[in-house]
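Everything below concerns the one structure shown next.
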Amino acid sequence: MASKKELQVAQKRELEKREETTLPARIFVPNADIYETKDGLNVVLEMPGVDKNSVDVRVEDDVLKVDGKLDFSKYQGLQPLYTEYNVGHFSRSFRLSGKIDQSKIAAELKDGVLSLRLPLAEQAKPRAIQVN
Amino acid sequence: MIPSSPRQQVHGVANMIMGFADPFDALLDLQRSLEANLSSDWLQDLTTSRGPFPPINVFQQGDDILAIIELPGVSRSDLQIEAKENAIRIFGKKAVDYPEEASLHRRERVSGEFDRTLSLPVQIEPDGIKAEYRDGILALFLPRAERDKPRSIKIT
Chain A
64 MASKKELQVA
74 QKRELEKREE
84 TTLPARIFVP
94 NADIYETKDG
104 LNVVLEMPGV
114 DKNSVDVRVE
124 DDVLKVDGKL
134 DFSKYQGLQP
144 LYTEYNVGHF
154 SRSFRLSGKI
164 DQSKIAAELK
174 DGVLSLRLPL
184 AEQAKPRAIQ
194 VN
Chain B
1403 MIPSSPRQQV
1413 HGVANMIMGF
1423 ADPFDALLDL
1433 QRSLEANLSS
1443 DWLQDLTTSR
1453 GPFPPINVFQ
1463 QGDDILAIIE
1473 LPGVSRSDLQ
1483 IEAKENAIRI
1493 FGKKAVDYPE
1503 EASLHRRERV
1513 SGEFDRTLSL
1523 PVQIEPDGIK
1533 AEYRDGILAL
1543 FLPRAERDKP
1553 RSIKIT
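If you read the protein sequences in the order shown, they are chains A and B.
Going from the first sequence to our numbering is simple: count from 1 and add 63.
Going from the second sequence to our numbering is simple: count from 1 and add 1402.
What follows is the structure, encoded as structure tokens:
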């Protein structure tokens, strides 16, 4: 008997959109991890197959929006025999609760994982108050 | 006692939230590993063929086979591939790291070890396999063995 739990596949969730898109492709919600360190917020998104020129990250009205476009040309001329997962673009947005210093947002894409570092704005950082 | 899953072995705060064992989890694990044996080729030295991580799509490209596997966050050095004439095994581990002293708000990515075997209905040429890993996608080009290809017979 296997002594450790097998990794399970998280089924891809399709993006629920308020508007319809004109793109002839499906859009999925990338799996995300969000954690906060004392410097700011970190958002890690899994977007397999998206290269770094096809990622679009923007912050508007305290909403962080991440889009990843997939290059479908690699799939042309292929005849599917057996499929376990769906292929499509990625899109997800988050409402930010803290103030973010937009000029210092850093993004890194490695092995299909997009890591975003959103540093807190200077005035939003917790400050220790001296008691006299 | 079944040890907690590798995905629960993360540092810091996450460990505090997720670190206790659930008896139902243990029961489900048992069921899953029994079912995994059912769907693998029984009594062969193969690992599970269906269901678990990573998900595989298989395509036909002319005579040959192309398997495309989603492995986001797996680094090239943690990924291993073994080939036989009618099976290909993909195994390795997926690590998800958080820095110390991070407070976790949302955790959807899974981590741990994976091991699965793709059984193929045709014979392949193990020496001709090409593997390409880019942007979290592994593409395996599996050429069909020359001796397995249908031959046209000339009528005399």
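Glycine included, every Cβ here is placed at the ideal spot set by N, Cα and C.
Model, not experiment: these values are computed from the prediction.
Please tell me whether A/Asp-174 has its Cβ less than 7 angstroms away from any Cβ of chain B.
What you label residue 174 of chain A is simply residue 111 of the first sequence in a count that begins at 1. It does: the Cβ of A/Asp-174 has a partner Cβ on chain B nearer than 7 angstroms.
Which chain B residues sit within Cβ distance under 7 angstroms of A/Asn-94?
The residue you call residue 94 of chain A lines up with position 31 of the first sequence. Result: Glu-1510 and Arg-1511.
Contact criterion: CB-CB distance below 7 angstroms. Does A/Leu-159 meet it with respect to chain B?
Position 96 of the first sequence holds residue 159 of chain A. Taking Cβ atoms only, chain B never reaches closer than 7 angstroms to A/Leu-159, which makes this a no.
Kindly indicate which three-state DSSP category A/Tyr-148 falls into: helix, strand or coil?
Indexing the first sequence from 1 puts residue 148 of chain A at position 85. Looking at A/Tyr-148 - three-state DSSP - the assignment turns out to be coil, as it is neither helix nor strand.
What does the Cβ neighbour count give for B/Ile-1490, buried or exposed, with the cut at 16 atoms within 10 Å?
Numbered from its first residue, the second sequence carries residue 1490 of chain B at position 88. Under this definition B/Ile-1490 is a buried residue.
I'd like to know whether the C-beta of A/Gly-131 is nearer than 7 angstroms to at least one C-beta of chain B.
Position 68 of the first sequence, counting from 1, holds the residue named residue 131 of chain A. Closer than 7 angstroms: no.
Would the region 142 to 160 of chain A count as touching the region 108 to 126 of chain A if we require 3 or more Cβ pairs under 8 angstroms?
Because the criterion of three Cβ pairs below 8 angstroms is met, the region 142 to 160 of chain A and the region 108 to 126 of chain A touch.
Where DSSP assigns a beta bridge to A/Tyr-98, which residues make up the other side?
As a position in the first sequence, residue 98 of chain A is number 35, starting the count at 1. BP columns for A/Tyr-98 point to A/Asn-105 and B/Leu-1506.
Using beta-carbon positions only, say whether A/Arg-158 and A/Val-120 come within less than 7 angstroms of one another.
By one-based count along the first sequence, residue 158 of chain A stands at place 95. By one-based count along the first sequence, residue 120 of chain A stands at place 57. Not in contact: A/Arg-158 and A/Val-120 (Cβ atoms no closer than 7 angstroms).
Tell whether a beta-carbon distance below 7 angstroms holds between B/Ala-1485 and B/Pro-1457.
For the purposes of this step, residue 1485 of chain B is taken as the residue at position 83 of the second sequence. For the purposes of this step, residue 1457 of chain B is taken as the residue at position 55 of the second sequence. It is not a contact, given that the beta carbons lie outside the stated cut-off.
Is there a Cβ of chain B sitting closer than 7 angstroms to that of A/Gly-151, yes or no?
The residue you call residue 151 of chain A lines up with position 88 of the first sequence. False, the Cβ-Cβ gap to chain B never drops below 7 angstroms.
Can you check whether the CB of A/Asp-174 is closer than 7 angstroms to the CB of B/Gly-1494?
Start at 1 with the first residue of the second sequence, and residue 1494 of chain B comes out as number 92. Start at 1 with the first residue of the first sequence, and residue 174 of chain A comes out as number 111. Cβ distance not < 7 angstroms, so B/Gly-1494 and A/Asp-174 don't count as in contact.
For B/Asn-1459, write down the residues that DSSP places opposite it in a beta bridge.
Within the second sequence, numbered from 1, the residue matching residue 1459 of chain B stands at position 57. DSSP lists B/Ile-1470 as partners of B/Asn-1459.
Since B/Lys-1551 and B/Asp-1465 are thought to touch, with beta carbons under 8 angstroms apart, how far apart are those beta carbons, to the nearest angstrom?
For this step, residue 1551 of chain B is matched to residue 149 along the second sequence. For this step, residue 1465 of chain B is matched to residue 63 along the second sequence. Confirmed, Cβ separation roughly 6 angstroms.
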